[in-house]
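Take the sequence shown: its position 157, counted from the start at 1, is 190 in my numbering, and no numbers get skipped.
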Amino acid sequence: MSPDSKRGPRSDASRNRARLIAAAREALAEAGNDVAFDVIARRAGVGNATLYRHFPTRADLLVAVYADEVAVLCQRGEQLLRSADPTGALFAWLDEFVVHVATKRPLALAATESTDERRTTLFRDWHASITSIADRLVRRAQPALRSDLTATDVLTLASGAALTADAAQARRLVGLLRTGIAATGTG
Numbered sequence: 034m035s036p037d038s039k040r041g042p043r044s045d046a047s048r049n050r051a052r053l054i055a056a057a058r059e060a061l062a063e064a065g066n067d068v069a070f071d072v073i074a075r076r077a078g079v080g081n082a083t084l085y086r087h088f089p090t091r092a093d094l095l096v097a098v099y100a101d102e103v104a105v106l107c108q109r110g111e112q113l114l115r116s117a118d119p120t121g122a123l124f125a126w127l128d129e130f131v132v133h134v135a136t137k138r139p140l141a142l143a144a145t146e147s148t149d150e151r152r153t154t155l156f157r158d159w160h161a162s163i164t165s166i167a168d169r170l171v172r173r174a175q176p177a178l179r180s181d182l183t184a185t186d187v188l189t190l191a192s193g194a195a196l197t198a199d200a201a202q203a204r205r206l207v208g209l210l211r212t213g214i215a216a217t218g219t220g
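Dropping the structure here:
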């Protein structure tokens with residue numbers, strides 16, 4: 034085995050991958066999941082061959098973009114865990130979670146529509162990452178919340194709010210969620 038084979042991807046390959054994911058995220062947000070690969074490659078400033086080297090199929094690209102979206106949501110949760118206001122941190126993250134579910138649902142469904150085991154495992158891992166952040170935020174805010182509240186409760190309720198078609202209704206439901214999960218006498 035040569036010394037070169039132990040190294041990770043070249044720095045330009047890593048940069049190209051990051052640019053492709055960023056360009057795909059923008060293009061998908063504007064045009065939906067059927068955006069042409071050449072549009073994404075052009076936005077990233079690379080050729081189609083580079084795009085296909087990194088992402089041989091549309092599903093591979095969608096998985097990478099959605100994985101990046103989940104990572105951003107989880108990183109935001111990590112930042113909020115350092116907040117001086119645990120309850121405010123939980124609700125700030127829940128607001129971002131609701132936006133994530135409302136706006137990324139088609140991408141998540143497309144990224145996981147294949148039945149191959151790899152995508153099933155990825156979806157399970159993404160769900161576990163989000164649940165872990167939610168659990169830590171809920172436990173930290175627990176003194177101000179119902180004692181029987183779990184992260185799964187919060188995520189299920191927030192997901193329901195996110196799936197409503199009306200943004201005003203979603204905000205109202207999140208407000209009701211906040212009141213409903215507060216400890217008796219604190220809501």
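Ideal placement from N, C-alpha and C gives every residue a C-beta, glycine not left out. A quick note: this is a predicted structure, and the numbers were derived from the prediction, not measured.
* Beta carbon proximity, S180 to chain D, threshold 8 Å -> Protein chain content of the structure displayed is limited to a single chain, and chain D is not contained in it.
* Asked: Do you know how far the Cα of R43 is from the Cα of D128?
  -> As a working mapping, residue 128 is identified with position 95 in the sequence shown. As a working mapping, residue 43 is identified with position 10 in the sequence shown. When rounded, the distance between both Cα atoms is 38 Å.
* Asked: In whole angstroms, what separates the C-alpha of Y99 from that of S180?
  -> Locating residue 99 in the sequence shown gives position 66, counting from the first residue. Locating residue 180 in the sequence shown gives position 147, counting from the first residue. Cα-Cα distance, rounded: 33 Å.
* From the DSSP output, in three-state form, read off A117 for me. => Here the question's residue 117 lines up with position 84 in the sequence shown. If DSSP states are grouped into helix, strand and coil, A117 belongs with coil.
* Spatial neighbours of C107 within its chain, please: CB distance less than 6 Å, with the 5 preceding and 5 following residues excluded, ordered by chain position. => One-based indexing of the sequence shown puts residue 107 at position 74. Counting only Cβ-Cβ distances below 6 Å, and skipping sequence neighbours, we find S162 and I166.
* To do: Go ahead and pull the three-state DSSP assignment for A215.
  => Position 182 of the sequence shown holds residue 215. Three-state DSSP puts A215 in a strand.
* For R50, collect the residues of the same chain with a Cβ closer than 7 Å to its Cβ; drop the 5 residues on either side in sequence, then sort them by chain order. => Reading the sequence shown from its first residue, position 17 is the one you call residue 50. Hits under 7 Å: H87.
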